Amino acid sequence: YIHGKGLKAGLYSSPGPMTCAGCAGSYQHEAQDAKQFADWGYDLLKYDWCSYGRVATRPLTLEGMQRPYMLMGSLLKKQDRDLMLNLCQYGIGQVWQWGAAVGGQSWRTAGDLGGELPHVFRVALQNAKHREWQKPGAWNDPDYVQIGHLAQGPCPLTPTEQYSFMSLWCLMAAPLFYSGDLTRLDAFTLNVLCNPDVIAVDQDPLGQCARVVPLTEETFLMVKDLEHGAKAVGLCNRDDVPHKVVARWPDLGVTSRQPVRDLWLEKNLGEFDQAFEADVPPRGVVLIRIGEAGN
């Protein structure tokens with residue numbers, strides 16, 4: 003049914019005896035569970051540390067952190083279908099340095115975002131610090147995209163903040179795991195999730211996480227190289243008041259006159275020389291592409 007809707011199916015377990023929701027984990031049943039997940043036709047396993055700390059050898063070493071993920075990663079590779087392994091252990095042990103080696107394709111770089119939704123700028127800046135470890139097939143995961151109608155009710159973010167959320171995640175080439183009620187998607191949420199220009203930034207073949215260019219205490223740029231030489235740039239304002247933000251060509255690594263496109267407005271803004279500036283609303287991101295797509 004899920005595949006028939008053009009979607010991928012993911013499920014959740016833990017290397018410990020219990021998941022964080024109090025359900026049975028995969029501890030001592032790893033081979034059985036890996037086969038069952040594949041037989042059911044799933045595409046992704048989120049493997050959450052949760053209760054594993056109760057059974058892990060103490061003192062906990064780096065090898066001990068890696069052991070349960072290496073076990074499940076090796077078992078998933080033996081199945082007759084591809085299952086993506088998403089490591090969830092909240093960034094402990096600098097997982098971005100070894101997640102791929104234990105069979106992961108993505109790994110959480112911090113704690114749960116649910117209680118941090120008002121702080122997506124801080125989360126993004128922290129995640130971007132690990133950009134050097136990211137490449138296609140090995141993704142830093144700042145957590146689910148949580149907009150629209152969530153389990154606990156409507157997303158508490160303003161429309162501007164929801165656009166910012168998606169902009170930041172796509173600039174980081176973050177895995178776009180949507181965490182919301184698909185049966186209650188409205189036109190606004192679909193627009194945020196499904197803008198083709200913005201999705202193209204996230205899924206650019208280079209797989210690069212944008213680098214951060216600090217400007218002031220409250221404003222910064224995120225600059226992402228795209229295939230064929232264009233740049234995706236976020237003009238970011240994490241303050242509670244508007245700011246004019248300027249993206250200067252030397253900071254972006256571009257020269258000469260450049261065409262600029264506003265990706266959310268889906269509008270070509272013309273050619274600019276040496277800089278582009280925008281009035282960015284409170285807690286907003288103006289997301290642009292500099293240079294021609296595919297050029």
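Residue numbers (this note's numbering): 3 to 297. By construction, the Cβ of each residue, glycine as well, lies at the ideal position given by its N, Cα and C atoms. Keep in mind that this is a model prediction, so the values were computed, not measured.
Q. Apart from the five residues just before and just after M86, which ones in its own chain have a Cβ nearer than 6 Å to its Cβ?
A. As a first step, residue 86 is located in the sequence shown; it is residue number 84 there, counting from the start. Closer than 6 Å at the Cβ level, and outside the excluded window around M86, lie L46 and Q107.
Q: My understanding is that V122 touches C172, with C-beta atoms under 8 Å, so please give their C-beta distance in whole angstroms.
A: Position 120 of the sequence shown, counting from 1, holds the residue named residue 122. Position 170 of the sequence shown, counting from 1, holds the residue named residue 172. Going by Cβ atoms, the distance from V122 to C172 rounds to 13 Å, so no, they are not a contact pair.
Q.
Taking a contact to mean a Cβ-Cβ separation below 8 Å, would you say L254 touches E229 in this structure?
A. Here residue 254 corresponds to residue number 252 of the sequence shown, with the count starting at 1. Here residue 229 corresponds to residue number 227 of the sequence shown, with the count starting at 1. In this structure, E229 does not lie closer than 8 Å to L254 by Cβ.
Q. Do L223 and C211 have their CB atoms nearer than 8 Å?
A. Taking the first residue of the sequence shown as position 1, residue 223 is located at position 221. Taking the first residue of the sequence shown as position 1, residue 211 is located at position 209. No, the Cβ-Cβ distance between L223 and C211 is not below 8 Å.
**Q.** Rounded C-alpha distance that separates G18 from R285
**A.** One-based indexing of the sequence shown puts residue 18 at position 16. One-based indexing of the sequence shown puts residue 285 at position 283. Straight-line Cα distance between these residues: approximately 39 Å.
Q: Let me know if H31 comes out buried or exposed under the rule of 16 or more other beta-carbons within 10 Å of its beta-carbon.
A: Taking the sequence shown and counting its residues from 1, one reaches residue 31 at position 29. That one is exposed.
Q) What does DSSP give as the partner residues of E273 in its beta bridges? A) Reading the sequence shown from its first residue, position 271 is the one you call residue 273. BP columns for E273 point to P261.
Q) Going by alpha carbons, who is nearest to K269 out of V247, H245, K246 and E294? A) As a position in the sequence shown, residue 269 is number 267, starting the count at 1. Checking every option, the nearest Cα to that of K269 belongs to E294.
Q.
Using 8 Å as the cut-off, can you tell me whether the region 148-164 makes contact with the region 182-196, which would need three or more C-beta pairs spanning the two stretches below that distance?
A. yes
**Q.** Cut-off 7 Å between Cβ atoms - residues of its own chain near R240, not counting five sequence neighbours on either side
**A.** Stepping through the sequence shown from its first residue, residue 240 is reached at position 238. Within the same chain, R240 has close Cβ partners F123, E220 and R285.
Q) Are the Cβ atoms of D145 and L115 separated by less than 8 Å? A) For this step, residue 145 is matched to residue 143 along the sequence shown. For this step, residue 115 is matched to residue 113 along the sequence shown. Yes, they are a contact pair.
Q.
Less than 8 Å between the C-beta atoms of R250 and A277, yes or no?
A. Stepping through the sequence shown from its first residue, residue 250 is reached at position 248. Stepping through the sequence shown from its first residue, residue 277 is reached at position 275. Contact: yes.
Q) Starting from C67 and walking both ways along the alpha helix (DSSP H), at which residues does that stretch end? A) Working through the sequence shown from its first residue, we reach residue 67 at position 65. For clarity, residue 67 is Met in the given sequence; the question names Cys instead. First-last of the alpha helix (DSSP H) with M67: L64 to K79.
Q) Closest to G93 by CA distance: which of G75, K79, Q128 and P216 is it? A) Taking the sequence shown and counting its residues from 1, one reaches residue 93 at position 91. Of the candidates G75, K79, Q128 and P216, the one whose C-alpha sits nearest the C-alpha of G93 is Q128.
(Q) Using only the alpha-carbon positions, how far apart do E118 and A130 sit? (A) Numbered from 1 along the sequence shown, position 116 holds the residue referred to as residue 118. Numbered from 1 along the sequence shown, position 128 holds the residue referred to as residue 130. Distance between the alpha carbons of E118 and A130: 17 Å.
Q.
Could you tell me the alpha carbon to alpha carbon distance between V97 and G272, rounded to whole angstroms?
A. Sequence index remark: in the sequence shown, residue 97 carries index 95 (1-based). Sequence index remark: in the sequence shown, residue 272 carries index 270 (1-based). If you take the alpha carbons of V97 and G272, they lie about 43 Å apart.
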